[in-house]
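Student: Sharing a structure with you now.
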Amino acid sequence: MPGPASMVSTAVVLGCSTGGLRALSTLLAALRPDLAVPVIVVCHRSQDDDDALFVELLARHSALPVVEAGEREPARPGRVHVAPSGYHLLLEADGRFMLSVDPRVRHVRPSVDVLFESAAEVHGAGLLAAILTGANDDGADGLLAVRRHRGYAVVQDPAEAEAPQMPQAALKHAGADAVIGLIRLAALINERCR
Amino acid sequence: MARPDPDDVELELFIRALQLRHGYDFSGYARASLKRRVQGLAIARQCQTIGELTTRVLHDDGLLPSVIAGLSVPVSEMFRNPFVFKALADDVFPVLASYPHINIWQAGCARGEEVYTLAILLEEAGLYERTQIYATDFNDAALAQAQEGIFPVAEARAWSENYRAAGGSASLSDYWHARYEHLKLDERLKRNITFANHNLVADGVFCEAHLILCRNVLIYFTNELQDRVLGLFRHSLVRGGYLVLGNKESIAFAASAAEFCEFDARARIYRLGAVPA
Ligand SMILES: C[S@@+](CC[C@H](N)C(=O)[O-])C[C@H]1O[C@@H](n2cnc3c(N)ncnc32)[C@H](O)[C@@H]1O
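Now the structure itself:
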């Protein structure tokens with residue numbers, strides 16, 4: 613088995629909730645601006661229709677352009693695509709986004725599980741998935757699906773996370789290939805996605 | 259060449275079986291979300307695989323209604339995305355008011371949340387008397403519930419807030435009676451609504467509409483099926499008629515979209531052809 617550092621990822625998916633905006637800002641600021649793969653984000657938010665503002669706030673510190681994930685549009689290398697509020701975000705086999713208003717999964721929509729499971733099917737071992745701060749257990753099933761498809765699973769160090777519950781739930785349910793802080797996660801992404 | 263995933267093959271066989279045996283064609287549905295729903299159905303029926311579910315669906319006709327209901331997503335709200343309904347009332351209704359008789363088609367009506375929303379808006383605009391609304395869906399169970407107009411009381415608060423945000427002039431509670439944990443909508447709201455089963459995949463034009471509301475239905479369709487259904491809407495609309503889609507829907511990849519011009523981009527309101535003088 614080659615070590616993780618020698619492996620190459622074809623897409624990055626991130627899931628977070630409480631504290632997500634701050635964690636994402638730190639992480640995205642530390643990414644290389646010429647990242648060769650798409651970054652796809654689900655972050656739970658309380659309110660509908662604040663999508664433009666959320667994207668704008670994330671873009672302020674990000675090394676990469678941040679956009680809302682558009683229905684039927686392809687996930688593009690070097691971009692951060694954010695799931696709109698109120699919809700599940702799924703990746704289709706052809707690498708395009710689709711949305712759904714299927715019922716909430718574990719009380720949330722968008723659901724990290726839904727994104728991770730669909731991305732795992734498309735990218736398989738090429739997927740790099742990370743569960744960051746959050747105060748619920750969304751993402752645990754999704755991370756398990758990523759691991760079953762031999763993707764690389766990262767959990768933010770619960771000691772560092774603003775809300776440790778989501779990382780802890782993911783660790784307990786799925787385990788992880790790495791439990792690290794945001795700065796090391798950024799370095800790992802930069803390394804695997806040149 | 260990588261071999262296809264066995265689950266994906268099973269999904270295609272399931273789709274084919276529904277089509278051959280029961281005449282329901284889901285081949286134009288986007289696969290990622292369809293797969294989730296089919297897997298959900300399989301698990302709910304204690305099937306280990308989609309293949310097992312396929313066998314059951316082939317040999318037990320009684321299962322079909324619950325399968326269709328399970329593949330349909332009757333998830334909705336009254337006045338969902340209030341600004342859309344405000345835009346309808348402020349900018350579209352004044353134009354509709356110039357017609358002596360108004361036809362509205364709401365496609366994919368789920369349990370009726372949006373069709374009653376329209377009825378209330380039209381009532382408040384003084385247009386309901388001369389309006390006929392066709393509310394259609396392919397899920398008979400949802401249609402039956404829509405016809406009843408009864409909803410869980412837990413929704414009351416959110417829907418009332420939506421109504422106010424949409425610029426409603428009364429109180430939404432004026433339109434329902436809350437009893438036994440349920441909201442029963444005023445019977446009078448139904449007087450100009452016709453509920454009917456219509457499958458967007460298979461059925462054709464049935465009316466000449468001034469306004470078509472089809473929100474969050476095409477999001478489940480592939481580009482090809484989306485394009486076909488947009489063609490159906492084009493043939494069902496009068497010249498200058500309005501089409502309202504869901505807030506995050508994109509028709510940029512459909513050839514039929516060329517026939518529609520943007521009327522209100524944020525609210526996803528389109529207008530057919532050149533605007534009549
Ligand atoms: C998510 S709901 C949308 C409800 C409502 N328009 C809204 O946006 O709140 C989607 C509806 O489309 C219906 N639908 C899906 N495929 C359909 C088809 N082929 N023909 C007619 N209705 C369909 C489903 O049964 C479901 O009720």
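Here the protein sequences line up with chains A and B, keeping their order.
Each position in the first sequence, counted from 1, maps to that position plus 612 in the numbering used here.
Each position in the second sequence, counted from 1, maps to that position plus 258 in the numbering used here.
Here a beta-carbon is modelled for each residue, glycine too, at the ideal position from N, C-alpha and C.
Since we're looking at a predicted model, the values are computed, not measured.
#1: From the DSSP output, in three-state form, read off K442 (chain B) for me.
#2: Any beta carbon of chain B sitting closer than 7 Å to that of E697 (chain A)?
#3: For P686 (chain A), list the residues DSSP reports as bridge partners.
#4: Whose C-alpha, out of B:S356, B:L401, B:N420 and B:F284, is nearest the C-alpha of L329 (chain B)?
#5: Which of the three DSSP states is assigned to A790 (chain A) in this structure?
#6: Round the Cβ separation of G627 (chain A) and I743 (chain A) to the nearest angstrom and send it over; I've been treating them as touching at under 8 Å.
#7: DSSP three-state label for A535 (chain B), please.
#8: Note down, in chain order, each residue of its chain lying with its Cβ closer than 6 Å to the Cβ of C655 (chain A), except the 5 sequence neighbours on either side.
#9: Under the DSSP definition of a beta bridge, which residues are partnered with W434 (chain B)?
#10: Using the rule of at least 16 other Cβ atoms within 10 Å of the residue's Cβ for burial, across every protein chain shown, is P264 (chain B) buried or exposed?
#11: CB-CB under 8 Å to R684 (chain A), same chain, minus the five flanking residues each way: which ones, in chain order?
#12: So, is the C-beta of F479 (chain B) closer than 7 Å to a C-beta in chain A?
#13: Let me know if Y433 (chain B) comes out buried or exposed under the rule of 16 or more other beta-carbons within 10 Å of its beta-carbon.
#14: Give a yes or no on contact between the stretch 717–727 of chain A and the stretch 637–655 of chain A, applying the rule of three or more CB pairs nearer than 8 Å.
#15: Considering only residues of the same chain and omitting the five flanking positions on each side of R634 (chain A), which have a CB-CB separation below 7 Å?
#16: Count the other CB atoms within 10 Å of the CB of A516 (chain B); is the residue buried (16 or more) or exposed (fewer)?
#17: Can you list, in chain order, the residues of its chain with a C-beta nearer than 7 Å to that of H435 (chain B)? Leave out the 5 residues immediately preceding and following it.
#18: Can you give the beta carbon distance from L702 (chain A) to F728 (chain A), rounded, assuming they're within the 8 Å contact cut?
#19: Compare the C-alpha of V331 (chain B) against each of B:E381, B:G498, B:E406 and B:S291 and name the closest.
#20: Could you tell me whether any non-hydrogen atom of ligand 1 is closer than 6 Å to the CB of R473 (chain B)?
#21: Comparing the C-beta of L702 (chain A) with each C-beta of chain B, is any distance below 7 Å?
#22: Do you know how far the Cα of W363 (chain B) is from the Cα of Y357 (chain B)?
#23: DSSP puts T389 (chain B) in a beta bridge; with which residues?
#24: With a CB to CB cut of under 8 Å and the five nearest residues on each side skipped, what residues in its chain are close to H700 (chain A)?
#25: Would the beta-carbon of R759 (chain A) fall within 7 Å of that of A786 (chain A)?
#26: DSSP beta-bridge partners for I801 (chain A)?
#27: Report the option in A:A675, A:L676, A:S674 and A:R691 whose CA atom is closest to the CA atom of G682 (chain A).
#28: Please state if the CB of V411 (chain B) and the CB of E439 (chain B) are separated by a distance shorter than 7 Å.
#29: Would you call V267 (chain B) buried or exposed, if buried means 16 or more other Cβ atoms sit within 10 Å of its Cβ?
#30: Let me see if you follow: with CB-CB separation under 7 Å, is D714 (chain A) close to chain B or not?
Tutor: Once the coordinates are examined:
#1: As a position in the second sequence, residue 442 (chain B) is number 184, starting the count at 1. If DSSP states are grouped into helix, strand and coil, K442 (chain B) belongs with the strands.
#2: What you label residue 697 (chain A) is simply residue 85 of the first sequence in a count that begins at 1. Just to set this straight, residue 697 (chain A) is Ser in the shown sequence, not Glu. No - not a single Cβ of chain B is within 7 Å of the one on S697 (chain A).
#3: As a position in the first sequence, residue 686 (chain A) is number 74, starting the count at 1. According to DSSP, P686 (chain A) bridges with A:R708.
#4: The residue you call residue 329 (chain B) lines up with position 71 of the second sequence. Closest option to L329 (chain B), Cα to Cα, is B:F284.
#5: Counted from its first residue, the first sequence places residue 790 (chain A) at position 178. Taken through DSSP and simplified to helix, strand or coil, A790 (chain A) comes out as strand.
#6: Here residue 627 (chain A) refers to the residue found at position 15 when the first sequence is read from its first residue. Here residue 743 (chain A) refers to the residue found at position 131 when the first sequence is read from its first residue. About 5 Å separates the beta carbon of G627 (chain A) from that of I743 (chain A), a gap short enough to meet the 8 Å contact definition.
#7: Taking the first residue of the second sequence as 1, we reach residue 535 (chain B) at position 277. In this prediction, A535 (chain B) scores a pLDDT of 44, lower than 50, which makes its location untrustworthy; no coordinate-derived value is stated.
#8: Numbered from its first residue, the first sequence carries residue 655 (chain A) at position 43. Its chain contains C628 and G632 as the residues whose beta carbon lies nearer than 6 Å to that of C655 (chain A), once the 5 sequence neighbours on both sides are disregarded; these appear in chain order.
#9: Locating residue 434 (chain B) in the second sequence gives position 176, counting from the first residue. For W434 (chain B), which the question treats as bridged, DSSP gives the partners B:L443.
#10: As a position in the second sequence, residue 264 (chain B) is number 6, starting the count at 1. P264 (chain B) comes out exposed.
#11: Sequence index remark: in the first sequence, residue 684 (chain A) carries index 72 (1-based). Answer for R684 (chain A): R708, F709 and M710, listed in chain order.
#12: Within the second sequence, the letter at position 221 stands for residue 479 (chain B). Among the residues facing chain A, F479 (chain B) is not included, as its CB has no counterpart in that chain under 7 Å away.
#13: Counted from its first residue, the second sequence places residue 433 (chain B) at position 175. So Y433 (chain B) ends up on the buried side.
#14: The answer is yes - the stretch 637–655 of chain A touches the stretch 717–727 of chain A, with three or more Cβ pairs under 8 Å.
#15: Your numbering for residue 634 (chain A) matches position 22 in the first sequence. Only E774 meet the Cβ criterion.
#16: Counting from one through the second sequence, the residue named residue 516 (chain B) turns up at place 258. Under this definition A516 (chain B) is an exposed residue.
#17: If you number the second sequence from 1, residue 435 (chain B) lands on position 177. In its chain, beyond the 5 residues on either side, K442 have a beta carbon closer than 7 Å to the beta carbon of H435 (chain B).
#18: Mapped onto the first sequence, residue 702 (chain A) falls at position 90. Mapped onto the first sequence, residue 728 (chain A) falls at position 116. Contact flag wrong, Cβ pair sits at about 10 Å.
#19: Taking the first residue of the second sequence as 1, we reach residue 331 (chain B) at position 73. For V331 (chain B), the closest of B:E381, B:G498, B:E406 and B:S291 by C-alpha to C-alpha distance is B:S291.
#20: Numbered from 1 along the second sequence, position 215 holds the residue referred to as residue 473 (chain B). Yes, Cβ of R473 (chain B) sits closer than 6 Å to a heavy atom of ligand 1.
#21: Position 90 of the first sequence, counting from 1, holds the residue named residue 702 (chain A). Chain B places a beta carbon closer than 7 Å to that of L702 (chain A), counting this residue as a contact.
#22: To locate residue 357 (chain B), count along the second sequence from 1; it is residue 99. To locate residue 363 (chain B), count along the second sequence from 1; it is residue 105. Whole-angstrom Cα-Cα distance: 16 Å.
#23: By one-based count along the second sequence, residue 389 (chain B) stands at place 131. Answer by DSSP bridge pairing, in chain order: B:I360.
#24: The residue given as residue 700 (chain A) occupies position 88 in the first sequence. Cβ within range, chain order: L711, S712, V713, D714, V717, R721, P722, S723, V726 and L727.
#25: Working through the first sequence from its first residue, we reach residue 759 (chain A) at position 147. Working through the first sequence from its first residue, we reach residue 786 (chain A) at position 174. In this structure, A786 (chain A) lies closer than 7 Å to R759 (chain A) by Cβ.
#26: Locating residue 801 (chain A) in the first sequence gives position 189, where the first residue counts as 1. DSSP lists no beta-bridge partner residue for I801 (chain A).
#27: The residue you call residue 682 (chain A) lines up with position 70 of the first sequence. For G682 (chain A), the nearest C-alpha among the options comes from A:R691.
#28: On the second sequence, residue 439 (chain B) is found 181 positions in, with the first residue counted as 1. On the second sequence, residue 411 (chain B) is found 153 positions in, with the first residue counted as 1. Against a cut-off of 7 Å, the Cβ pair of V411 (chain B) and E439 (chain B) comes out as a contact.
#29: Numbered from 1 along the second sequence, position 9 holds the residue referred to as residue 267 (chain B). Around the beta carbon of V267 (chain B), a 10 Å sphere encloses fewer than 16 other beta carbons of the protein chains shown; the residue is thus reported as exposed.
#30: Within the first sequence, residue 714 (chain A) is the residue found at index 102, counting from 1. At least one CB of chain B lies nearer than 7 Å to the CB of D714 (chain A).
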